[in-house]
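Be aware that the sequence shown starts at 8, since it is given in our numbering, and climbs by one per residue. We put the beta carbon where it would ideally sit given N, CA and C, even for glycine. Data first, discussion second: the structure below is written as structure tokens.
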Amino acid sequence: MEDEPDLAAAVARGLRRDGYAVDIAGDGGGALDRLATAEYDLVCLDLNLPDIDGRQICRTVRTDPDAIFGDEPPRVLMLTARDALEDRVGGLDEGADDYLVKPFDFPELQARVRALLRRDRPQHSAALRNGLVELDEAGHTTTIGEVPIDLTAKEFALLRYFMLHPGEVISAEQLLEHVWDEHADPFTNTVRVTLSNLRRKLAAAGAGEVIETVVGAGYRLARRD
8 MEDEPDLAAA VARGLRRDGY AVDIAGDGGG ALDRLATAEY DLVCLDLNLP DIDGRQICRT
68 VRTDPDAIFG DEPPRVLMLT ARDALEDRVG GLDEGADDYL VKPFDFPELQ ARVRALLRRD
128 RPQHSAALRN GLVELDEAGH TTTIGEVPID LTAKEFALLR YFMLHPGEVI SAEQLLEHVW
188 DEHADPFTNT VRVTLSNLRR KLAAAGAGEV IETVVGAGYR LARRD
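Here it is, written out as structure tokens:
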């Protein structure tokens, strides 16, 4: 949610290259509409939106989660040119999880996004592990044993989502919502094709059947010690 279209587009491009699914809202009303109709893990929120102040958006996320966001409201990272101490304190007091002042370096934004998304993970590890499979979010690498495998950005994002939800049955619709963005066509077989390619690469590297098909329900990452 960003009032500078060029900056919003640049941030979105960078995060998509990292494999994240990203949607953009240019004003507060559009932001609330999106938050009410899709499930997001993280909101990058500008304070200076043209219609609703970013603090109000953050306040809504924090004080009315059951009505709009279900059981798990998204984490909020405020991105703003307001760098006064009272602005930073006010933003955090409204419920923001982190606060980044413009102008910022994109690698710092990447690091803060990664940190927020792993906040509830045991030991806050930067790497995800499941059996022989290890996914390093910071380095954007995947290894089987100690052998690296080459994944596309979307394959990496797909594997990351499964590894963040081990043992859970995840539908194709959930994958489309969390790994792809609003421009993805729900009537295509993009999930199936990407998942097939990912499975093939994992199996060829010696990981075996890491992602199982649950007939009639979706897919599940097999838990491995």
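For residue i, name the three-state secondary structure that DSSP assigns.
| i | result |
| --- | --- |
| residue 87 | strand |
| residue 130 | Per-residue confidence for residue 130 stands at a pLDDT of 48, beneath the threshold of 50, marking its modelled position as unreliable; no derived number is given. |
| residue 40 | helix |
| residue 228 | strand |
| residue 165 | helix |
| residue 204 | helix |
Looking at C-alpha atoms only, which residue of the options is the closest neighbour of residue i?
| i | options | result |
| --- | --- | --- |
| residue 31 | 25, 24, 17 | 17 |
| residue 135 | 107, 173, 201 | 173 |
| residue 2 | 167, 154, 157 | There is simply no residue 2 to check, as the chain begins at 8 and stops at 232 in what is shown. |
| residue 175 | 149, 217, 154, 140 | 217 |
| residue 145 | 116, 57, 43, 151 | 116 |
Round the Cβ separation of residue i and residue j to the nearest angstrom and send it over; I've been treating them as touching at under 8 Å.
| i | j | result |
| --- | --- | --- |
| residue 113 | residue 21 | 5 Å |
| residue 84 | residue 49 | 6 Å |
| residue 107 | residue 121 | Not confirmed; about 13 Å, so no contact. |
| residue 165 | residue 201 | 6 Å |
Residue i lies in the alpha helix (DSSP H); which residues open and close that run?
| i | result |
| --- | --- |
| residue 17 | 12 to 24 |
| residue 98 | 92 to 100 |
| residue 182 | 179 to 186 |
| residue 69 | 61 to 70 |
Near residue i, which residues of its chain fall below 6 Å by C-beta distance, leaving aside the five closest residues on each side in sequence?
| i | result |
| --- | --- |
| residue 195 | none |
| residue 208 | 156 |
| residue 95 | 106 |
Going along the chain, which residues of its own chain have a beta-carbon closer than 7 Å to the beta-carbon of residue i, five neighbours each way excluded?
| i | result |
| --- | --- |
| residue 131 | With a pLDDT of only 46 at residue 131, under the threshold of 50, the placement of this residue in the model should not be trusted; the figure read from the coordinates follows. 125, listed in sequence order. |
Which residues bound the beta strand (DSSP E) around residue i?
| i | result |
| --- | --- |
| residue 31 | First-last for residue 31: undefined, no H or E at that position. |
| residue 150 | 148 to 151 |
| residue 123 | Element bounds for residue 123: not the beta strand (DSSP E) but the alpha helix (DSSP H), 113 to 124. |
| residue 221 | 218 to 221 |
Excluding the 5 residues flanking residue i on each side, which residues of the same chain have their C-beta closer than 8 Å to its C-beta?
| i | result |
| --- | --- |
| residue 66 | 101, 102 |
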